[in-house]
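Participant:
Residue numbers (this note's numbering): 25 to 245.
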């Protein structure tokens with residue numbers, strides 16, 4: 025409790041760990057809340073939770089609450105899961121895919137993800153998972169970073185086409201991206217310009233928390 029109170033004045037790091045896949049995973053008390061950070065950016069809770077919550081609000085909390093199944097690619101500490109369960113009261117099935125098993129161990133310890141009954145965590149590469157799964161989803165959240173970098177496969181047409189295929193009718197994709205260079209701005213613009221819109225609509229929520237841009241895709245039929 026003392027550390028939590030002191031964190032309103034300055035951040036207090038309580039855990040730091042390197043895993044085989046992540047340079048650094050840190051748990052810190054900041055402004056009264058526990059947050060998970062990488063070396064250079066927020067991974068869960070903190071600014072990331074605000075970013076994804078804004079995207080969920082754009083889709084509509086009431087609409088999400090009625091959904092049956094949600095897929096999250098990139099779990100980290102699970103802040104978006106907490107938003108779904110605590111703020112939206114989503115009671116359907118949540119599947120979270122995370123490549124780093126150490127990240128999930130830490131999330132269970134500090135954020136109690138393993139206490140959420142409708143959550144199924146799959147330790148797998150997101151690209152491999154979307155190729156293998158036979159399930160379809162009402163909402164797919166893509167939130168995959170390696171520190172401040174995003175894997176190239178996320179922007180390849182095959183991956184985008186595949187996650188669109190996994191959407192149920194009237195489903196949504198919420199894609200969190202980070203823009204730190206002119207090249208990354210062009211990357212996002214290319215994806216949007218080349219997106220096939222016959223059966224989908226696509227829009228952006230730009231410059232969330234300065235460096236993030238959310239892309240929202242809706243399946244129309």
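Even glycine gets a Cβ: it sits at the ideal position worked out from N, Cα and C.
1. Considering only C-alpha positions, which residue in the set 123, 117 and 75 is nearest to residue 89?
2. Counting C-beta neighbours from all protein chains within 10 Å, is the total for residue 200 16 or more, i.e. buried, or is it exposed?
3. Assuming residue 243 contacts residue 188 under a Cβ cut-off of 8 angstroms, what Cβ separation, rounded to an integer in Å, is found between them?
4. Nearest-angstrom Cα distance between residue 197 and residue 80?
5. May I have a chain-ordered list of the alpha helix (DSSP H) segments no shorter than 4 residues that lie completely inside the stretch 39-123?
6. Does the distance from the CB of residue 214 to the CB of residue 245 come in under 9 angstroms?
7. Taking the alpha-carbon positions, what's the residue 28 to residue 232 distance?
8. I need the DSSP call for residue 205, collapsed to helix, strand or coil.
9. What span of residues does the beta strand (DSSP E) with residue 161 cover, start to end?
10. Ignoring anything shorter than 3 residues or poking outside the stretch 184-240, list the beta strand (DSSP E) runs there in chain order.
11. Thinking C-beta only, is residue 202 closer than 9 angstroms to residue 236?
12. Classify residue 218 as buried or exposed, calling it buried when 16 or more other Cβ atoms lie within 10 Å of its own Cβ.
13. Indicate whether the contact test is met: 3 or more Cβ pairs, each with one atom in the stretch 138-156 and one in the stretch 95-106, closer than 8 angstroms.
14. Does the Cβ of residue 38 have 16 or more other Cβ atoms within 10 Å, making it buried, or fewer, making it exposed?
15. Give the secondary structure of residue 242 by DSSP, where H, G and I count as helix, E and B as strand, and everything else as coil.
Facilitator: With the given structure in hand:
1. A check of alpha carbon separations from residue 89 across 123, 117 and 75 identifies 117 as the nearest.
2. When all chains shown are included, residue 200 counts as buried.
3. Correct: roughly 7 angstroms between the Cβ atoms.
4. Between the alpha carbons of residue 197 and residue 80 lies a gap of roughly 10 angstroms.
5. List check, alpha helix (DSSP H) in window: 70-83, 85-89 and 103-106.
6. No, these two residues do not count as a Cβ contact at 9 angstroms.
7. Using only the alpha carbons, I get a separation of about 27 angstroms.
8. Three-state result, residue 205: coil.
9. Start and end: 161-166.
10. Taking 3 residues as the minimum length, the beta strand (DSSP E) runs contained wholly in the stretch 184-240 are 191-202 and 224-232, in order along the chain.
11. The Cβ atoms of residue 236 and residue 202 sit closer than 9 angstroms to each other.
12. Answer is exposed; the Cβ neighbour count stays below 16.
13. Contact between the stretch 138-156 and the stretch 95-106 is present: 3 or more CB-CB pairs across the two stretches fall below 8 angstroms.
14. Exposed is the call here.
15. When DSSP states are grouped into helix, strand and coil, residue 242 belongs to the strand group.
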